[in-house]
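Novice: Following this message is one structure expressed as structure tokens.
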Amino acid sequence: MAAEGGSTRAVVTALAANLGIAVSKGIGAVITGSSSMLAEAVHSLADTTNQALLLVGGRRAKRAASEQHPFGYARERYIYAFIVSIVLFTLGGLFALYEGYHKVRHPEELESPLVAVVILVIAIGLEGYALSTAARSANETRGGRSWWQFIRSAKAPELPTILLEDAGAVTGLVVALLGVGLTVITGNAVFDGVSTIVIGLLLVAIACILAMETKSLLVGEAASKANIARIREALLAEPLFDRVVHLRTMHLGPDELLVAVKVTVAEGTVAETISAATNSAEARIRAAVPIATLIFVEPDVYQPQAGPA
């Protein structure tokens with residue numbers, strides 16, 4: 011699918027950018043002794059690891075269904091996205107908080123601060139490019155939703171994850187640049203430590219948002235309201251079905267939807283007729299909502315409620 015290709019492209023772009031940035035930041039941190047630079051190096055390393063995890067999850071999710079896993083492996087994408095939030099929280103956020111606290115308690119003078127400034131400015135440009143790539147890919151499916159609505163409602167975890175990580179990376183780099191600049195201007199290295207703590211808090215916040223959204227997908231989210239309306243319309247287009255008693259949907263993966271529905275038919279309808287109507291309704295549902303891969307229709311006899319005597 012085009013959307014899936016856009017997600018993969020955004021992940022690969024972010025991975026390549028973060029790998030180069032992590033190495034350059036690490037070298038800069040060794041040269042300058044900047045804690046905010048070190049925190050950003052670890053941040054980029056965590057992002058690189060996360061993007062690799064997203065690619066692994068996407069590959070594993072494509073495995074065919076098996077006897078042990080009859081609904082397939084599509085949820086692997088959600089599992090690996092949840093692991094991403096854990097890596098970002100621990101390797102990125104907690105490390106930055108520890109490093110910032112240490113540097114505030116024991117400030118150290120920066121060496122060759124110009125090196126840090128140059129690396130941070132270049133990194134902002136690279137991270138900005140990765141963010142714009144992710145934004146362009148997201149715009150292919152975002153529609154009229156705001157960015158926050160897109161992150162909250164997206165069923166594919168890759169693009170929201172990349173968007174949050176890249177936005178956090180650009181923000182963190184600006185904070186690190188501000189910390190280094192204030193340290194140089196004032197001669198007080200505490201500013202470098204404070205900026206590192208701010209970066210840590212930012213990463214922890216992003217990790218918590220990712221964890222909550224991915225947990226919701228793992229538990230099982232229903233189809234969008236638009237798709238539910240299309241499914242209901244497709245069912246009621248079948249003349250044999252009197253009404254829809256209940257309709258349940260759940261995403262097995264971003265592009266795989268489980269549909270379970272109970273409909274009523276007139277009393278005395280023969281089994282062959284019900285079977286033909288069910289097959290027809292399933293075909294209509296798949297035409298209206300192509301991601302509806304598993305459909306279960308349960309017919310029941312319509313029994314109108316008796317009125318008052």
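Just add 10 to the spot in the sequence shown (first one is 1) and you have our numbering. The beta carbon of each residue, even a glycine, is placed where N, CA and C say it ideally should be. Keep in mind that this is a model prediction, so the values were computed, not measured.
Can you tell me whether K272 is helix, strand or coil according to DSSP?
Specialist: strand
Novice: Just list the residues that DSSP pairs H256 with in beta bridges.
Specialist: K272
Novice: Is it buried or exposed for N289, if we count other Cβ within 10 angstroms and need 16 for buried?
Specialist: exposed
Novice: Helix, strand or coil for M309 per DSSP?
Specialist: According to the sequence as given, residue 309 is Pro; it is not Met. DSSP, read as helix, strand or coil, puts P309 in strand.
Novice: When DSSP labels each residue in this structure, what does A302 get in the three-state scheme?
Specialist: The answer is strand: DSSP assigns A302 an E or B state.
Novice: Grab me the residues of I241's own chain with a C-beta within less than 8 Å of its C-beta, minus the 5 sequence neighbours each way, in chain order.
Specialist: A233, L257, T259, V269, V271, I295, A298, V299 and A302
Novice: Is it right to say A286 is buried, meaning 16 or more other beta carbons lie within 10 angstroms of its own, or is it exposed?
Specialist: exposed
Novice: What do you get for H261, buried or exposed, if any count of 16 or more other CB atoms within 10 angstroms of its CB means buried?
Specialist: buried
Novice: According to DSSP, is P318 helix, strand or coil?
Specialist: Low per-residue confidence applies at P318: pLDDT is 48, beneath 50, and the placement is therefore not dependable, though the value from the model is reported in the following sentence. If DSSP states are grouped into helix, strand and coil, P318 belongs with coil.
Novice: Measuring only the C-alpha atoms, how far is S34 from V190?
Specialist: 16 Å
Novice: Does the pairing of the region 241 to 254 with the region 195 to 203 give three or more beta-carbon distances under 8 Å?
Specialist: no
Novice: Using the Cα positions of A91 and L64, report the straight-line distance between them to the nearest angstrom.
Specialist: 6 Å
Novice: By the three-class DSSP mapping on this structure, what secondary structure does G263 have?
Specialist: Of the three classes helix, strand and coil, the one that applies to G263 here is strand, per DSSP.
Novice: Flag this pair as yes or no: are the beta carbons of V255 and L246 separated by less than 8 Å?
Specialist: No, the pair does not count as a contact, with Cβ atoms beyond the cut-off.
Novice: Does the beta-carbon of F306 have 16 or more other beta-carbons within 10 angstroms, so that it is buried, or is it exposed?
Specialist: exposed
Novice: On the three-state DSSP scale, how would you describe M11?
Specialist: Low confidence applies to M11: its pLDDT is 46, below 50, so where it sits in the model is not reliable, and the reading given next is rough at best. Looking at M11 - three-state DSSP - the assignment turns out to be coil, as it is neither helix nor strand.
Novice: Taking K225 as part of the alpha helix (DSSP H), name the residues at either end of that continuous run.
Specialist: V200 to V229
Novice: Please list the terminal residues of the continuous alpha helix (DSSP H) segment that includes H112.
Specialist: F105 to R115
Novice: Exposed or buried, V125, counting other C-beta atoms within 10 Å across all chains shown (16 or more means buried)?
Specialist: buried
Novice: Reducing DSSP to helix, strand and coil, say where R242 ends up.
Specialist: helix
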